[in-house]
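Notes to accompany the following structure.
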Amino acid sequence: MINLIRIEFLKLFRRGLTYIGFAAILLIVLVIQVGMYVEGKKLLDFLIKSLSDVFLLEGNLINIYTVSYIVLTSLWIHIPVLVAIVAGDMVSGEAGRGTFRLLLTRPVSRGKLLTAKYITAQVYTAMLVVFLAIMSLVIGRFFFPAGDMIVLLETINIFDSADVLWRFGAAYGYGMISMWVVSGLAFLFSTRASNSLGPVVASMSVLILFMIISNFSIGIFDPIKPFLFTTYLNGWQLFFDEPLQMDAIVKAVSIMIAHITIFYLAAWFIFTRKDIQS
Amino acid sequence: MKSISFFIILFIFTQTTKAQNLADSLIQHIIASSSKVQSFSADVEIDVDVDFIRIPVKKGKIFFKSPDKFKFRATGFALVPKKGLNFSMQKMLLQPHTAIYVSSDDTNHLIKIVPMTADADYVIASLWIDKNLDRINKMEVTSPRQGNSLMSFEYGNLPYDLPVSTKVSFDIAQIDIPMQFMGNMAMDKKKKDKSDKTSGNVILNYSNFKINGEIPDTLFEEEAASDSLIILEN
Chain R
1 MINLIRIEFL KLFRRGLTYI GFAAILLIVL VIQVGMYVEG KKLLDFLIKS
51 LSDVFLLEGN LINIYTVSYI VLTSLWIHIP VLVAIVAGDM VSGEAGRGTF
101 RLLLTRPVSR GKLLTAKYIT AQVYTAMLVV FLAIMSLVIG RFFFPAGDMI
151 VLLETINIFD SADVLWRFGA AYGYGMISMW VVSGLAFLFS TRASNSLGPV
201 VASMSVLILF MIISNFSIGI FDPIKPFLFT TYLNGWQLFF DEPLQMDAIV
251 KAVSIMIAHI TIFYLAAWFI FTRKDIQS
Chain E
279 MKSISFFIIL FIFTQTTKAQ NLADSLIQHI IASSSKVQSF SADVEIDVDV
329 DFIRIPVKKG KIFFKSPDKF KFRATGFALV PKKGLNFSMQ KMLLQPHTAI
379 YVSSDDTNHL IKIVPMTADA DYVIASLWID KNLDRINKME VTSPRQGNSL
429 MSFEYGNLPY DLPVSTKVSF DIAQIDIPMQ FMGNMAMDKK KKDKSDKTSG
479 NVILNYSNFK INGEIPDTLF EEEAASDSLI ILEN
């Protein structure tokens, strides 16, 4: 199995498509950081100016942590696309290139092959998230100092700089799980398709549809919202709320893990019974 | 009949004058007491309690030098109440004003202060002055921009009338945070109170006072534009 995963990784990193995600993250992070470096203070002052009637605001809130949080929120909508491009190509790409029949002549079960591809796709997803974390928190240090972090949610939350890193760690961990759901969905579609574009478009369509339902304030959708994974994609923000809503976090993670499991089992079911013709 | 009326008017006049003299003498006493403190520095803890702000208790250091030099220094970000910290009462009392004696209870005299300058940053202030110790226990300031601020002072065993704890209560406008800024798409949105204003409290606890020690002027001048030091302006 480890050999299979290693081979899948070699194949993955020989394709230019794989690097698009890293390049896009690098570019977007840099653009946001430069933008915040130039205009961030003005923007934040505008948002909290009504506090200055009563308080003197002392200290610098435009720092590495606040900017990393903004980077995270800005990118979280786009990372699913980058994840789906690669995960959606994992199985369908082989079918499209006509290499499946040759591949399956090797003494490897379909289940093992699928699992190796699945693990590769999910590790790639994890690598993207870790890369985002490094870009935000490490590269950002060249632009910004450390300091207390401000988060504007329903309330204005200000965290001590010493109380921030574990929150980012947990948020990225949560984010990784949520991206595994998206990756699992694209992978599932990939087992059905014989070209790469189909699974990417299909998974994006499902994602957009579910996101609209999750964020639409219409009563008719309320009963299904708790079961949609898109309802929980932004749940990493819970780690930046006070007090911490552990019940909501556990519920969100449980539902996303259920989705990951269901998507994998469905992919396995489809692939092991698939009539491979190319 | 005329003589009775005359004595009544005379009585009222003398009582009013007496009360007015008492108000002025109390104010003068407070100014004289506060002028004994030519400078001080102290550690301060700031505990902000506003329902839409979550901020941990912040520690900092304050520096004061007579007559009006004042600085606050903290690590990280701090919300410092404009009223209550900067001994604005001292500055307020030194500005032209009229003091009116209103009443007294078991422990305090109540005096109203009305500014006599057009550019004063308050409309009226109420001072509750300790009957025995002649120091301000409580103070309420009404200002056009900030509404009402109520400050309560607690004193320790210091040889000077410097509070070791100050509680500032105030009205503050609710902030309407743009929902999409910082990607705010919380899963379980909490019901938001739509009222325009809410009340808040800030408690300032002081310790490690160093009174009338040498504080160089450069401390108040340096880093005027810095993020880590601020000059309190009112």
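So the sequence lines, in the order shown, correspond to chains R and E. If you read the first sequence in my numbering, its first letter stands for residue 1, the second for the next number, and so on. If you read the second sequence in my numbering, its first letter stands for residue 279, the second for the next number, and so on. Note that beta-carbon positions come from the ideal geometry of N, C-alpha and C, so glycine has one too. All values derive from a computational prediction rather than experimental measurement.
List the endpoints of the continuous alpha helix (DSSP H) containing threonine 496(E). One-based indexing of the second sequence puts residue 496(E) at position 218. Residues 495–499.
Length of the line joining the Cα atoms of asparagine 63(R) and alanine 24(R): Within the first sequence, numbered from 1, the residue matching residue 63(R) stands at position 63. Within the first sequence, numbered from 1, the residue matching residue 24(R) stands at position 24. The alpha-carbon atoms of asparagine 63(R) and alanine 24(R) are separated by roughly 23 Å.
To the nearest angstrom, report how far apart phenylalanine 269(R) and serine 92(R) are at their CA atoms. By 1-based counting over the first sequence, the position of residue 269(R) is 269. By 1-based counting over the first sequence, the position of residue 92(R) is 92. Cα-Cα distance, rounded: 16 Å.
Using a Cβ-Cβ cutoff of 7 Å, what residues of the segment 420–441 of chain E are near chain R? List them in chain order. Contacts with chain R (Cβ-Cβ distance below 7 Å) from the segment 420–441 of chain E involve Arg423 and Gln424, listed in chain order.
Just checking, does the segment 132–143 of chain R make contact with the segment 197–216 of chain R on the three C-beta pairs under 8 Å criterion? no
Counting only the same chain and skipping the five closest in sequence on each side, list residues whose C-beta sits under 7 Å from that of phenylalanine 487(E). Translated into positions along the second sequence, residue 487(E) becomes position 209. Only Phe318, Ala320, Leu436 and Leu440 meet the Cβ criterion.
N-terminal and C-terminal residue of the alpha helix (DSSP H) that glutamate 8(R) is part of: On the first sequence, position 8 is the one that residue 8(R) refers to. From DSSP, the alpha helix (DSSP H) with glutamate 8(R) extends over 2–13.
Using a C-beta cutoff of 8 Å, does leucine 244(R) count as contacting chain E? Locating residue 244(R) in the first sequence gives position 244, counting from the first residue. For leucine 244(R), the answer is no, since every Cβ of chain E falls outside 8 Å of its Cβ.
If we require 3 or more residues per run, which beta strand (DSSP E) segments fall completely within the segment 322–396 of chain E? 336–343, 347–352, 356–359, 375–382 and 386–393
Looking at chain R, is there any beta carbon in it that lies within less than 8 Å of the beta carbon of arginine 332(E)? Here residue 332(E) corresponds to residue number 54 of the second sequence, with the count starting at 1. For arginine 332(E), the answer is yes, since a Cβ of chain R falls inside 8 Å of its Cβ.
Can you give the Cα-Cα distance for glutamine 316(E) and tyrosine 438(E), rounded to whole angstroms? Numbered from 1 along the second sequence, position 38 holds the residue referred to as residue 316(E). Numbered from 1 along the second sequence, position 160 holds the residue referred to as residue 438(E). Those two C-alpha atoms are separated by around 11 Å.
Quick check on the burial criterion: 16 or more other C-beta atoms within 10 angstroms. Buried or exposed for lysine 343(E)? Here residue 343(E) corresponds to residue number 65 of the second sequence, with the count starting at 1. By the neighbour-count rule (16 or more Cβ atoms within 10 Å), lysine 343(E) is buried.
Interface partners of lysine 360(E) on chain R, CB under 9 Å: In the second sequence, the residue the question calls residue 360(E) occupies position 82. Chain R residues near lysine 360(E): Ser52, Asp53, Val54, Phe55 and Leu56.
Span of the alpha helix (DSSP H) holding lysine 409(E)? Reading the second sequence from its first residue, position 131 is the one you call residue 409(E). That residue, lysine 409(E), is in no alpha helix (DSSP H); it is neither H nor E in DSSP.
From isoleucine 158(R) to isoleucine 331(E), what does the alpha carbon distance come to, in whole angstroms? By 1-based counting over the first sequence, the position of residue 158(R) is 158. By 1-based counting over the second sequence, the position of residue 331(E) is 53. Roughly 8 Å separates the two Cα atoms.
Pair within 8 Å by beta-carbon distance, leucine 357(E) and isoleucine 340(E): The sequence position of residue 357(E) within the second sequence is 79, counting from 1. The sequence position of residue 340(E) within the second sequence is 62, counting from 1. Cβ atoms of leucine 357(E) and isoleucine 340(E): not closer than 8 Å.
In whole angstroms, give me the CA-to-CA distance for arginine 110(R) and asparagine 215(R). For the purposes of this step, residue 110(R) is identified with residue 110 of the first sequence, where counting begins at 1. For the purposes of this step, residue 215(R) is identified with residue 215 of the first sequence, where counting begins at 1. Cα to Cα, arginine 110(R) sits roughly 39 Å from asparagine 215(R).
8 Å Cβ cutoff met for glutamate 8(R) and threonine 120(R): One-based indexing of the first sequence puts residue 8(R) at position 8. One-based indexing of the first sequence puts residue 120(R) at position 120. Yes, they are a contact pair.
C-beta neighbour in chain R for alanine 356(E), strict 8 Å: Within the second sequence, the letter at position 78 stands for residue 356(E). Answer yes: the Cβ-Cβ gap between alanine 356(E) and chain R drops below 8 Å somewhere.
Could you tell me which residues DSSP pairs with tyrosine 65(R) in its beta bridges? Numbered from 1 along the first sequence, position 65 holds the residue referred to as residue 65(R). For tyrosine 65(R), which the question treats as bridged, DSSP gives no partner whatsoever.
Note down, in chain order, all residues in the segment 14–29 of chain R with a beta-carbon under 8 Å from any beta-carbon belonging to chain E. none
Residues of the segment 131–157 of chain R with Cβ closer than 9 Å to any Cβ of chain E, in chain order: Gly147, Asp148, Met149, Ile150, Val151, Leu152, Leu153, Glu154, Thr155, Ile156 and Asn157
Note down the Cα distance separating phenylalanine 210(R) from histidine 78(R), rounded to an integer number of angstroms. Here residue 210(R) refers to the residue found at position 210 of the first sequence. Here residue 78(R) refers to the residue found at position 78 of the first sequence. Going by the C-alpha atoms only, they are around 15 Å apart.
Along the segment 304–333 of chain E, where does the CB come closer than 7 Å to a CB of chain R? Name the residues. Phe330, Ile331, Arg332 and Ile333
Anticipated Cβ contact below 8 Å, lysine 360(E) with glutamine 452(E), distance rounded: Residue numbering aside, residue 360(E) sits at position 82 when the second sequence is read from its first letter. Residue numbering aside, residue 452(E) sits at position 174 when the second sequence is read from its first letter. No, lysine 360(E) and glutamine 452(E) are not in contact; Cβ-Cβ is about 18 Å, not under 8 Å.
Of all the CB atoms in chain E, is at least one closer than 8 Å to the CB of leucine 82(R)? Taking the first residue of the first sequence as 1, we reach residue 82(R) at position 82. So, not an interface residue.
Go through its chain and collect everything with a Cβ distance to leucine 497(E)'s Cβ below 8 Å, but skip five positions before and after it. Within the second sequence, the letter at position 219 stands for residue 497(E). Taken in chain order, the residues that qualify are Phe341 and Lys349.
Would isoleucine 391(E) and isoleucine 402(E) be called neighbours here (beta carbons separated by less than 8 Å)? Taking the first residue of the second sequence as position 1, residue 391(E) is located at position 113. Taking the first residue of the second sequence as position 1, residue 402(E) is located at position 124. Yes. Within cutoff.
Cross-chain neighbours of alanine 451(E) in chain R, by beta carbon under 8 Å: Here residue 451(E) refers to the residue found at position 173 when the second sequence is read from its first residue. Ordered by position in chain R, the residues that pass the 8 Å Cβ test against alanine 451(E) are Ser50 and Asp53.
Whole-number beta carbon distance between aspartate 163(R) and phenylalanine 355(E), since they are thought to touch under 8 Å: Numbered from 1 along the second sequence, position 77 holds the residue referred to as residue 355(E). Numbered from 1 along the first sequence, position 163 holds the residue referred to as residue 163(R). That belief does not hold up - the Cβ atoms of phenylalanine 355(E) and aspartate 163(R) are roughly 12 Å apart, past 8 Å.
Put isoleucine 262(R) into one of helix, strand or coil per three-state DSSP. Counting from one through the first sequence, the residue named residue 262(R) turns up at place 262. Isoleucine 262(R) falls in the helix class under three-state DSSP.
Serine 430(E) and lysine 445(E) - do their beta-carbons sit closer together than 8 Å? As a first step, residue 445(E) must be located in the second sequence, where it is residue number 167. As a first step, residue 430(E) must be located in the second sequence, where it is residue number 152. Yes, the pair counts as a contact, with Cβ atoms nearer than the cut-off.
Cβ-Cβ distance between isoleucine 378(E) and alanine 301(E) below 8 Å: Locating residue 378(E) in the second sequence gives position 100, where the first residue counts as 1. Locating residue 301(E) in the second sequence gives position 23, where the first residue counts as 1. Yes.
is_contact[glycine 59(R), chain E] using C-beta, thresh 8 Å: Counting from one through the first sequence, the residue named residue 59(R) turns up at place 59. Cβ-Cβ to chain E under 8 Å: yes for glycine 59(R).
Roughly how many angstroms lie between the CA atoms of glycine 184(R) and isoleucine 218(R), to the nearest whole one? For this step, residue 184(R) is matched to residue 184 along the first sequence. For this step, residue 218(R) is matched to residue 218 along the first sequence. Whole-angstrom Cα-Cα distance: 28 Å.
Can you round the beta-carbon distance between isoleucine 28(R) and leucine 75(R) to whole angstroms, since I take them to be within the 8 Å contact cut? Here residue 28(R) refers to the residue found at position 28 of the first sequence. Here residue 75(R) refers to the residue found at position 75 of the first sequence. So it is a contact: roughly 6 Å between Cβ atoms.
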